[in-house]
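Numbered per UniProt numbering, the sequence shown finishes at 145, counting up by one with no gaps. Note that the Cβ used here is the ideal one computed from N, Cα and C, for glycine as well. Let me begin by presenting the structure, written as C-alpha cells, before commenting on it.
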Amino acid sequence: MNATELPDSLAEIRDDFLDLEVKERLQLLLEFSNELPELPERYRDHPDLFERVEECQSPIFIVVEVDADSAVHLFATAPAEAPTTRGFASILVQGIDGLAASQVLELADDYPSMLGLTAAVSPLRIRGMTAMLARIKRQVRERAA
1 MNATELPDSL AEIRDDFLDL EVKERLQLLL EFSNELPELP ERYRDHPDLF
51 ERVEECQSPI FIVVEVDADS AVHLFATAPA EAPTTRGFAS ILVQGIDGLA
101 ASQVLELADD YPSMLGLTAA VSPLRIRGMT AMLARIKRQV RERAA
C-alpha cells in the first residue's frame, strides 16, 4: 500500500467527507460522533487499560487489540460533550477495526488531513486526530510484536 492507497473502509469514509461541502462535513462529523461504538463489557469497568491521548483537547482514551489472525480491534471513549473529538475517534474506530495490523501500520500519518476538515476545524483538533492515529499505530506495533 502506498501513501495514496487506503483500505476500503477508510477510503470510503474519506470519500464521504470529500463529496460534501465544508458545512455538511461538520454535520457528518457530528453523525460519526453519535456512532462511536459502545465499549465491550470487558472494558467498561477498566479505564486503567486505556491510554489517554494527551494531545487532544478533550479526554479521549483508546485501547487496541491484535487478535491471533493479526486483525486489529480498536476501542475508544470520548465524552458526548466533545463531538469533534468523539467524531474523530469514531472515524478511526469504524475505519480501522478489523483491518490487518500491517494495513494499520501502513496508513498515511496524514489521514486526518485527507478528510477535508482543515477548513472547518482548528489545526489543533486535526493534530489531536493525528496523535490518535500515531498512538493506535504504536499500540498495534507493540501488540503485534
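Enclosing beta strand (DSSP E) for residue i [first to last residue]
i   : result
V72 : 72-77
Separation of residue j from residue i, as counted between CA atoms
i    : j    : result
L85  : V53  : According to the sequence shown, residue 85 is Thr rather than Leu. Going from the Cα of T85 to the Cα of V53 covers about 11 Å.
G95  : M114 : 14 Å
E38  : E142 : 24 Å
E65  : A82  : 25 Å
P40  : V72  : 15 Å
S102 : V93  : 16 Å
D8   : V140 : 19 Å
A144 : A100 : 10 Å
A47  : L6   : The question names Ala, yet the displayed sequence has Pro at residue 47. Taking the straight line joining both Cα atoms gives about 31 Å.
A80  : Q57  : 14 Å
Beta bridge counterpart(s) of residue i as assigned by DSSP
i    : result
E65  : H73
R52  : F61
A100 : A71
Contact under 9 Å by Cβ, residue i with residue j
i   : j    : result
E51 : R125 : no
I60 : G128 : yes
L28 : Y111 : no
S33 : A78  : yes
F75 : Y43  : yes
S90 : L20  : no
Enclosing alpha helix (DSSP H) for residue i [first to last residue]
i    : result
P123 : 123-144
D16  : 8-18
E41  : 41-44
E81  : Looking at the DSSP string, E81 is not in any alpha helix (DSSP H), and its letter there is neither H nor E.
L28  : 22-34
Residues near residue i by beta carbon distance below 6 Å, same chain, minus five either side
i    : result
N2   : Low confidence applies to N2: its pLDDT is 43, below 50, so where it sits in the model is not reliable enough to give any reading.
A131 : V53, E55
A68  : none
G98  : A71
E22  : The residue asked about is misnamed: residue 22 is Val in this sequence, not Glu. Around V22: A119, A120.
Chain-order list of residues whose beta-carbon lies under 8 Å from that of residue i (same chain, five-residue window excluded)
i    : result
R25  : F17, L115, G116, L117, A120
V104 : V72, I96, I136, K137, V140
L30  : P83, G87
C-beta neighbour in chain D for residue i, strict 9 Å
i   : result
A76 : Checking the listed chains, one finds no chain D in this structure; it contains a single protein chain.
Check: residue i C-beta below 8 Å from any heavy atom of the ligand MG
i    : result
R138 : This structure lacks the ligand MG, and indeed carries no ligand of any kind.
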